[in-house]
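Novice:
In the working numbering, the protein residues as written are 35 to 211.
1) So, is residue 97 buried or exposed, given that buried needs 16 or more other C-beta atoms within 10 angstroms?
2) Just checking, does the region 82–92 make contact with the region 184–203 on the three C-beta pairs under 8 Å criterion?
3) Is it right to say residue 131 is buried, meaning 16 or more other beta carbons lie within 10 angstroms of its own, or is it exposed?
4) Please go through the region 78–132 and give each complete beta strand (DSSP E) segment of 3 or more residues, from N-terminal end onward.
5) Take residue 139 and list the residues in its own chain whose beta-carbon comes closer than 6 Å to its own, dropping the five residues that flank it on each side.
6) Rounded to the nearest angstrom, what separates residue 68 and residue 111 at their Cα positions?
7) Determine whether the beta carbon atoms of residue 51 and residue 60 lie at a separation below 9 Å.
8) Below 8 Å on the Cβ atoms is my contact criterion, and I expect residue 78 with residue 189 to pass it. Report the Cβ-Cβ distance as a whole number of Å.
9) Can you grab the Cα-Cα spacing for the pair residue 113 / residue 101, in whole Å?
10) Determine the burial state of residue 195: buried for a count of at least 16 other Cβ atoms within 10 Å of its Cβ, exposed for fewer.
11) Find the nearest neighbour of residue 166 within the set 46, 58 and 120, judged by alpha-carbon distance.
12) Quick one: give me the first and last residue of the beta strand (DSSP E) that residue 66 is part of.
13) State the DSSP-derived secondary structure class of residue 185, mapped to helix, strand or coil.
14) State the Cα-Cα distance for the pair residue 172 and residue 163, rounded to the nearest angstrom.
15) Which stretch, first to last residue, makes up the beta strand (DSSP E) that contains residue 76?
16) Assign residue 205 to one of three DSSP states: helix, strand, or coil.
Below is the structure:
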C-alpha cells in the first residue's frame with residue numbers, strides 16, 4: 035500500500051467477503067503472490083500457513099502465487115525473489131482488538147497490531163527491503179485473529195473457522211474473476 039494514505043481496516047467473520055474481494059482482486063494482478071507465514075508448533079500462529087493450504091486444496095488459487103513461510107518472512111526472501119512479484123499479500127496470525135476477526139493493513143501500519151510469527155526482523159523493515167531491492171510496488175498485510183498461542187500443532191476452533199471462511203471466500207472471488 036505504498037504511496038497511499040492507508041489505515042487499518044478490521045473485519046469480522048460476518049463481513050469477511052469484503053476482505054476476500056480485496057485479496058482476490060490483488061491476487062488477479064500480474065506478478066502478485068500470497069505469502070503465508072506462521073509457526074507450526076504455536077497453536078493459532080499457524081493460521082497463515084493453513085490459509086495457503088486451504089487455498090491449495092480449493093484448486094481455485096494459482097499454485098504459483100502461493101508461498102508458505104513457516105519460519106518467518108525473512109526466511110523466504112529467496113522464494114519471494116524467484117517469483118519477481120510486484121504485489122505481495124502477507125498473511126499472518128495477529129492479536130487483534132476484541133470483536134475483530136481479521137485486519138488488512140500496510141506494512142507501516144503493522145505496529146498498530148501484533149503479528150505473531152517469530153519474526154526476528156519486523157515486517158515493516160522487510161517490506162522496505164522488498165520495495166527497494168526487488169522493486170515490489172505494493173505490499174499488504176492481512177492478519178487473522180489468534181487466541182491460543184500455547185505449544186500445539188492445532189488451531190483453535192475459532193481460528194480454524196476464520197481460516198476456512200476466509201479461504202472459501204477468497205476462492206469464490208478468484209473463481210468469479
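Just so you know, even glycine gets a beta-carbon here, dropped at the ideal spot from N, CA and C.
Specialist: According to the structure shown:
1) exposed
2) yes
3) exposed
4) 100–103 and 121–129
5) 42 and 175
6) 13 Å
7) no
8) 6 Å
9) 7 Å
10) exposed
11) 120
12) 66–71
13) coil
14) 12 Å
15) Element bounds for residue 76: n/a, residue is neither H nor E.
16) helix
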